[in-house]
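Protein chains in written order, with the numbering used here: chain S, 11 to 210; chain G, -11 to 321.
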Amino acid sequence: MNPDRINPARSAARSSGDEVDDCAQRLSALLDGELDADQCTTLVERLRQDQAAGDTWAMFNCVGDAMRSADVASFHSAGFVARVAAALEREPTVLAPAGLSQRPAVRRWLLPGAGAAAAAAVLLVVGLPWRQATLSETSVAKAPTGPATAVVAAPASVIDRSPQLERYLAAHRELAEPTVMPHSTPYVRTSGALLVQEAR
Amino acid sequence: MQWLVAPGWRRVCTALVMVAFACLAQGQERSSNPAADGADSRTAEQWLQVVQQAARRLDYSGTMVYQQGTEVRMSRIVHVFDGKVSHERLQPMDGRPREFIRNADEVKCLIPEARRVVIERKARAESFPGLAGAAASELLQNYSVKVVGRERVGGFDCQVLEIRPRQGDRYGYRLWVDRATGLLLRSQTLNERGDVLEQMAFADVRIGGVDREQLKPSWTTDGWKVDEAAHRPVDLKEQGWRLAPPSGFKALYTVRRPMASGPVLQAVYSDGLASLSVFIEPASASGASEALPARGPINAYARRVGDAMVTVVGEVPADTARSVALAAERVGR
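Right, here's the structure in full:
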């Protein structure tokens, strides 16, 4: 029920005994949500620059995810880190002001108790396109230069998913409200986006 | 932490109803007319009962503000109770012009630029009182309720109620209730640290004396195309799935509905306050398990199960969304 109790990465890091790399240990601690914010920042910075650390991180996550689900091993292809790094590079600065407001939500995944692999997935893979897709409705529309290029350049599977998640969100909110007053509350939040969409 | 939310206002109201039922069921002090009791002597449970009655029976009109993170939406709302059912008109004040006209369980969405009306009928898995009766004791098992103070909101003297989850697998709520009428004027959804994830509040409200003319839509819809929202109720087991929502969560709907990617199975669960949906559709080649970033109180987790993609979306903590996704399994195939 709680696969995060088992941290294969931590086991892997320990299994090599005295020769355990300090970096691997810290990566494992990151996976376990045991690092504070400063340590996280430092380590993420190193991940960006240190290919070996990046490979270790990818391996840890792959092992962890594979233990949680056999289906996800393919998720971590060889070019994974490179693609993510490229996507990060392409993240347009125009998103920064709006992005600030999103940061706490993302950081939450790094706090103790949050799923470690989840933190990785959010930070590195899903977070940016989801944020872009979300923001594109609002902030980006007002921005002088949109992030269209970055959106197009990000991994296709992630891009494809974001609109679907928006639809899921609308579908959830429009059905999830029990029938008591004020009845129309879901539409306060969604403006009936899905109904409108289905009508077209 | 960004402003997150409380679960929907209606859900809060529903929960209040459930709690009220629970109080009755548990043989606690019962008032034939709680609204007539002195406000000072009400227990938290009695307050909830009052709120529930007020929400259904009061006529009111006002401007409701919804806030989550940097997002703010305002809507005009008019509510009239005719003695049997509720009638409502909701006008979002942002974005393209839309109006929602609700009579009992039927909602009409008016889309003027397309000259279309979309009708959505919410056929629930159980009738409301049945559901509430069944879930009431479980709601109190999962939440504690107490009166925490008295504050002025929007010019109204309000009682503040706090609803806390007994475990960390769901959020808590804070409610501001008008002491004179029992109308819920503000609700907040809180995480375990007390951060507000989302909130709804009346910026202005008029209670009573609502002219029914205000329920009429802004546009005459003669000649507009009328569509029914196409949710088709289905049986989860017949569809070959078993889901395991957290304790106290009951199925509200299980439907097959068309979406942009094709037909999707949606199962909706609620414990009276929190709710989540499980979406199941054929997986694309790129589908993989992943957590999706929190957005207000909303968390999501997608997981591939065989050739299907299971995505949990709900106003629940991230770990809860993940647990539900991980517990989804195929049966009978």
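For every residue, glycine included, the Cβ atom is placed at its ideal position computed from N, Cα and C.
Distance between beta carbons of residue j and residue i, contact taken as under 8 Å
{"i": "G:R61", "j": "G:Y54", "result": "5 Å"}
{"i": "G:A255", "j": "G:V266", "result": "5 Å"}
{"i": "G:L178", "j": "G:L172", "result": "Wrong, their Cβ atoms sit about 16 Å apart, outside the cutoff."}
{"i": "G:A130", "j": "G:D259", "result": "Note that residue 130 of chain G corresponds to Asn in the displayed sequence, not to Ala. About 6 Å; that satisfies the 8 Å criterion."}
{"i": "G:W229", "j": "G:P100", "result": "About 39 Å; that fails the 8 Å criterion."}
{"i": "G:V252", "j": "G:E269", "result": "4 Å"}
{"i": "G:H67", "j": "G:E76", "result": "5 Å"}
{"i": "G:G50", "j": "G:D192", "result": "5 Å"}
{"i": "G:Y241", "j": "S:L185", "result": "5 Å"}
{"i": "G:M81", "j": "G:R64", "result": "6 Å"}
Residue i versus the options, residue with shortest Cα-Cα distance
{"i": "G:L46", "options": "G:F69, G:D166 and G:L231", "result": "G:F69"}
{"i": "G:A189", "options": "G:R140, G:V106, G:I107 and G:S29", "result": "G:R140"}
{"i": "G:R152", "options": "G:I89, G:A32, G:V214 and G:Y241", "result": "G:A32"}
{"i": "G:S132", "options": "G:L261, G:V184 and G:W212", "result": "G:L261"}
{"i": "G:G196", "options": "G:V39, G:Q34, G:Y48 and G:W35", "result": "G:Y48"}
{"i": "G:M297", "options": "G:V304, G:A288 and G:E303", "result": "G:A288"}
{"i": "G:L264", "options": "G:I286, G:D93 and G:R245", "result": "G:I286"}
{"i": "G:W35", "options": "G:K213, G:A102 and G:K134", "result": "G:K134"}
{"i": "G:A97", "options": "G:S74, G:T242, G:K213 and G:Q147", "result": "It should be pointed out that residue 97 of chain G corresponds to Cys in this sequence rather than to Ala. Checked all of G:S74, G:T242, G:K213 and G:Q147; the closest Cα to G:C97 is G:K213."}
{"i": "G:G156", "options": "G:M52, G:R245, G:S235 and G:E94", "result": "G:S235"}
{"i": "G:A316", "options": "G:R292, G:C146 and G:E180", "result": "G:R292"}
{"i": "G:M52", "options": "G:R154, G:L78 and G:F237", "result": "G:L78"}
{"i": "G:V105", "options": "G:P205, G:A92 and G:V148", "result": "G:P205"}
{"i": "G:V39", "options": "G:A217, G:D199, G:L149 and G:D210", "result": "G:L149"}
{"i": "G:Q227", "options": "G:R138, G:T209, G:G320 and G:R245", "result": "G:G320"}
{"i": "G:P246", "options": "G:R84, G:L231, G:A92 and G:A217", "result": "G:A217"}
{"i": "G:G57", "options": "G:G142, G:A239, G:Q176 and G:D199", "result": "G:Q176"}
Where residue i falls, given that 16 or more other Cβ within 10 Å makes a residue buried
{"i": "G:K225", "result": "exposed"}
{"i": "S:Q61", "result": "exposed"}
{"i": "G:A313", "result": "buried"}
{"i": "S:V135", "result": "With a pLDDT of 29 at S:V135, under the threshold of 50, the modelled position of that residue is not reliable, and the figure given next carries that caveat. It counts as buried."}
{"i": "G:Q202", "result": "exposed"}
{"i": "G:S311", "result": "buried"}
{"i": "S:G64", "result": "buried"}
{"i": "G:V136", "result": "exposed"}
{"i": "S:R141", "result": "For S:R141, the predicted structure reports a pLDDT of 30, less than 50, and the residue's modelled location is therefore unreliable. A value from the coordinates is still provided. So S:R141 ends up on the buried side."}
{"i": "G:A326", "result": "Residue coverage of chain G in this structure runs from -11 to 321, which leaves residue 326 of chain G outside it and unanswerable."}
{"i": "G:A168", "result": "exposed"}
{"i": "S:Q59", "result": "exposed"}
{"i": "G:R30", "result": "buried"}
{"i": "G:E303", "result": "buried"}
{"i": "G:A309", "result": "buried"}
{"i": "G:E87", "result": "buried"}
{"i": "G:P305", "result": "buried"}
{"i": "G:R154", "result": "exposed"}
{"i": "G:P85", "result": "exposed"}
{"i": "G:P233", "result": "buried"}
Distance between residue j and residue i (C-alpha atoms, nearest Å)
{"i": "G:G160", "j": "G:R174", "result": "14 Å"}
{"i": "G:G170", "j": "G:Q41", "result": "8 Å"}
{"i": "G:R158", "j": "G:V300", "result": "14 Å"}
{"i": "G:F144", "j": "S:A180", "result": "32 Å"}
{"i": "G:R109", "j": "G:A271", "result": "29 Å"}
{"i": "G:R345", "j": "G:Q187", "result": "Past the boundaries of the shown model lies residue 345 of chain G; chain G is included only from -11 to 321, so the question cannot be answered."}
{"i": "S:A47", "j": "S:R56", "result": "14 Å"}
{"i": "G:R318", "j": "G:G26", "result": "54 Å"}
{"i": "G:D215", "j": "G:D28", "result": "50 Å"}
{"i": "G:L185", "j": "G:L280", "result": "17 Å"}
{"i": "G:E94", "j": "S:R177", "result": "21 Å"}
{"i": "S:D32", "j": "G:H219", "result": "55 Å"}
{"i": "G:S74", "j": "S:L40", "result": "52 Å"}
{"i": "G:R194", "j": "G:C146", "result": "15 Å"}
{"i": "G:I107", "j": "G:F237", "result": "28 Å"}
{"i": "S:E44", "j": "G:G182", "result": "22 Å"}
{"i": "G:D223", "j": "G:R90", "result": "27 Å"}
{"i": "G:G250", "j": "G:D295", "result": "15 Å"}
{"i": "S:A68", "j": "S:R183", "result": "35 Å"}
{"i": "G:R244", "j": "G:P221", "result": "6 Å"}
{"i": "G:G83", "j": "G:R138", "result": "36 Å"}
{"i": "G:T209", "j": "G:G71", "result": "27 Å"}
{"i": "G:A239", "j": "G:G211", "result": "38 Å"}
{"i": "G:L128", "j": "S:T66", "result": "47 Å"}
{"i": "G:R200", "j": "G:A92", "result": "15 Å"}
{"i": "G:Q37", "j": "G:L231", "result": "32 Å"}
Are three or more beta carbon pairs between the region 48 to 67 of chain S and the region 31 to 38 of chain S nearer than 8 Å? yes
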